[in-house]
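Let me begin by presenting the structure, written as structure tokens, before commenting on it.
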Amino acid sequence: MQIREHVGADKPAIILHPSGTVVTFDELEARANRLAHHFRQAGLKEGDAVAILMENNEHIHAVMWAARRSGLYYVPINTHLTAAEAAYIVENSAAKAIVGSAAMRKVCENLGEHLPGGLPDLLLIACEKGEADLPGWQRYPECVADQPDTPIDDEREGDLLQYSSGTTGRPKGIKRELPHVAPSEAPGMMSALVSYWMTPDSVYLSPAPLYHTAPSVWSMSAQAGGVTTLVLEKFDPEGCLDAIARHRVTHGQFVPAMFTRMLKLPEAVRDSYDLSSLQRVMHAAAPCPVEIKKQMIDWWGPIIDEYYASSEAIGSTLISAEEWLAHPGSVGKPMACEIHIIDEGGNELPPGQAGEIYFAGGYSFEYLNDEAKTAASRDQHGWVTVGDVGYLDDEGYLYLTDRRHHMIISGGVNIYPQETENLLVTHPKVLDA
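Note that numbering that gives the first Met the number 0 has the sequence shown beginning at 0, numbered continuously upward.
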């Protein structure tokens, strides 16, 4: 996956909202190349990891592209973590470099206290103008200003090393084998999907933090397809509508909580923005209450598609808005994979009965440094699960019920909190549940 073919197009690769900061494809390519040279000079080689501690800003995509074209794993870290929590990920991933931002300065400054083996040798931080240096850290991008803006000689395709949210314990690193090929030769399933969905004339809205899997993967895939990516520096419901109207957004990806917050805006506010440029949007990441999605389709029209997947990339489903209206509550049918619903005894369940969702035919992965958790995610057939519970209907559409570890058993009955949460979130005084 690469953006090189779009250099010279004289168009934005990235627009930040609301600041209006623009990074063109030419600038993004040059920045990524300079940092890739810096990584190589520092001794980073294929298979090494780079930790990224950055909010949605003008630098984060260049850092990810630099790592990706250098054959490195890039590890975006949740910006809400404490220094101790971030240090765990730095240590667990064996990161050979850290790239931070001014907004994350305090966390960067305190990381060393929580790393018994010490900080990595290469430490970069994007300081604000006039801001004092952070001892031991190089100022980025000033430190790479003299590096060539041409590609490194030994480009290799790297990959995202994503850490799960850690709802059942410490975050787990999700690692896939590198392809060991040049970026131009690497398989690009996501790029192909984005190219099917969008064209170089599209404007793609990325409203969520880029340390999450979908925002980073989809925004980079959009850029690889020559699509301008509009990145919200922070999600705000009215600010999101303003961004769509102001920049004539054609496509975007959301999570249900964003829908809920936008729907809770006064109707007069919602109606004051021209959203007619929207052609198709996606949502994922969490179950969307049926009533919320119905209200969104009533507002935006039948342009809201949905997919179900995980950071582990073990498989996915897809459902169009039109299909969803005929199968409300479904997350769709499997894409290039198989779904099996399994009970606690390891038996496959028929349609209509809820059990743990297993996928076959997805990507292979491991939980970094955790053979037990990796093994526990597989069954005797080699099918893989992330612990979600759901059922298939007679037509093969999947419906999510909850996560296995959320289930409560009372009087021999399985109780799923998700059902209550879906009801609560529709109340006008409840922001999220």
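Ideal placement from N, C-alpha and C gives every residue a C-beta, glycine not left out.
Check                                                                                                               : Outcome
Rounded distance between the beta-carbons of Lys95 and Asp152, thought under 8 Å                                    : Not confirmed; about 20 Å, so no contact.
For Arg138, the three-state DSSP class (helix, strand or coil)                                                      : strand
Proximity winner among Leu204, His282, Pro301, relative to Thr227 (alpha-carbon distances)                          : Leu204
Cβ-based neighbour list, Ser218, same chain, cut-off 6 Å, excluding 5 preceding and 5 following                     : Ser205, Thr228
Within 9 Å, strictly: CB atoms of Pro140 and Ala61                                                                  : yes
Near the ligand MG: Leu264 beta-carbon under 8 Å from a heavy atom                                                  : Absent from the structure shown: the ligand MG. Ligands present: none.
C-alpha gap between Leu277 and His326, whole angstroms                                                              : 23 Å
Beta-carbon separation (whole angstroms), Asp297 vs Arg279, contact threshold 8 Å                                   : Contact flag wrong, Cβ pair sits at about 17 Å.
At least three beta-carbon pairs within less than 8 Å, the stretch 52-66 to the stretch 19-29                       : yes
Under the three-state DSSP convention, the category Gly19 falls into                                                : coil
With 16 other Cβ atoms within 10 Å as the buried cut-off, status of Thr259                                          : buried
Close-in-space but distant-in-sequence residues of the same chain around Ser409 (CB under 7 Å, 5 per side omitted)  : For Ser409, the pLDDT reaches just 43, beneath the cut-off of 50, and the residue's location in the model is therefore unreliable, leaving the point undetermined.
Other residues of its chain near Tyr398: CB distance less than 6 Å, five sequence neighbours each side excluded     : Gly328, Ser329, Gly389, Tyr390
Helix, strand or coil at Met103 according to DSSP, with G and I counted as helix                                    : helix
Bridge partners - Arg245, DSSP secondary structure assignment                                                       : DSSP output for Arg245 lists no bridge partner at all.
Ser409, DSSP secondary structure in three states                                                                    : Any reading at Ser409 must be qualified, since the residue scores a pLDDT of 43, below 50, and its modelled position is unreliable; no value is offered.
Residues near Ala86 by beta carbon distance below 7 Å, same chain, minus five either side                           : Leu110, His113, Leu114
Whole beta strand (DSSP E) elements within the stretch 64-110, 3-residue minimum                                    : 72-75, 94-100
Minimum length 4: unbroken alpha helix (DSSP H) runs contained in the stretch 312-396                               : 320-325, 370-375
Residue burial classification, Met0 (beta-carbon count within 10 angstroms, cutoff 16)                              : buried
Cβ contact check for the stretch 73-86 and the stretch 239-252: 3 or more pairs under 8 Å                           : no
Pro350 at chain D interface by Cβ criterion, 9 Å                                                                    : The structure shown contains no chain D; it holds only a single protein chain.
Spatial neighbours of Gly251 in its chain, beta-carbon cut-off 6 Å, leaving aside the 5 residues before and after   : Leu204, Val280
Ser275 versus Ile302 - alpha carbon distance                                                                        : 11 Å
His16 to Gly117 span [Cα, whole Å]                                                                                  : 37 Å
Burial state of Arg377 (16 or more Cβ within 10 Å)                                                                  : exposed
Those residues which DSSP pairs with Arg279 across a bridge                                                         : His250
Nearest-angstrom Cα separation, counted from Asp401 out to Tyr306                                                   : 16 Å
Nonlocal neighbours in the same chain, by C-beta distance under 7 Å from Ser183, ignoring five residues either side : Gln1
Enclosing alpha helix (DSSP H) for Leu27 [first to last residue]                                                    : 24-40
Identity of the residues DSSP links to Ile14 by a beta bridge                                                       : Val21, Leu229
CB-CB length for Leu159 against Gly172, believed under 8 Å                                                          : Not confirmed; about 11 Å, so no contact.
Ala50 - partner residues in DSSP beta bridges                                                                       : Val74, Ile97
DSSP state of Ala308 mapped onto helix, strand, coil                                                                : coil
Separation of Gly345 from Glu106, as counted between CA atoms                                                       : It is worth fixing the name first, because residue 106 is Val in this sequence and not Glu. One C-alpha to the other measures close to 44 Å.
Proximity below 9 Å, CB of Ala353 to CB of Trp382                                                                   : no
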